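If you count the sequence shown from 1, position 13 lands on 13 in full-length UniProt numbering, and the numbers rise without skipping. Working notes, structure below.
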Amino acid sequence: MHSIFITSISLFFIIINRSVAVSFSSNDLIGVAPQDEVYYKELWSSGGGGGSVKCRDGSKSFTKAQLNDDFCDCFDGTDEPGRI
Numbered sequence: 001m002h003s004i005f006i007t008s009i010s011l012f013f014i015i016i017n018r019s020v021a022v023s024f025s026s027n028d029l030i031g032v033a034p035q036d037e038v039y040y041k042e043l044w045s046s047g048g049g050g051g052s053v054k055c056r057d058g059s060k061s062f063t064k065a066q067l068n069d070d071f072c073d074c075f076d077g078t079d080e081p082g083r084i
């Protein structure tokens, strides 16, 4: 009886651990503040300009690959949120 309890608890923690790891690995907006994630996710999911996002000041646009690539494409730093 005791070994079944231990096995059940172990399986529970393994499942929880895997689900947490999966949820964190799907976040590809590294360096983006939690309050700003919506800005980027909504634009990319809606196809914002053919896979690009406008700089917040409207001066240019950039692709997902240019997000946090250590090169400022936007004068206002929209494409480098991890650097601001």
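We put the CB at the ideal spot given by N, CA and C, even for glycine. Given the structure is predicted, the values throughout are model-derived calculations rather than measurements.
Which residues in the same chain have their Cβ closer than 8 angstroms to the Cβ of Cys74, if we skip the five residues on either side of it in sequence? For the purposes of this step, residue 74 is taken as the residue at position 74 of the sequence shown. Closer than 8 angstroms at Cβ, skipping near neighbours: Cys55, Arg56, Asp57, Ser59, Lys60, Phe62, Glu80.
Taking the C-alpha atoms as reference points, what is the distance between Asp69 and Gln35? Looking up residue 69 in the sequence shown gives position 69. Looking up residue 35 in the sequence shown gives position 35. About 21 angstroms.
With 16 as the cutoff for other CB atoms within 10 Å, does Leu11 come out buried or exposed? Position 11 of the sequence shown, counting from 1, holds the residue named residue 11. In this structure Leu11 is exposed. Its beta-carbon is surrounded by fewer than 16 other beta-carbon atoms within 10 angstroms.
Write down the C-beta distance between Gly82 and Gly31 rounded to the nearest angstrom, noting that I regard them as a contact closer than 8 angstroms. The count along the sequence shown starts at 1 and reaches residue 82 at position 82. The count along the sequence shown starts at 1 and reaches residue 31 at position 31. Between Gly31 and Gly82 the Cβ distance is about 2 angstroms, and since that is below 8 angstroms, they are a contact.
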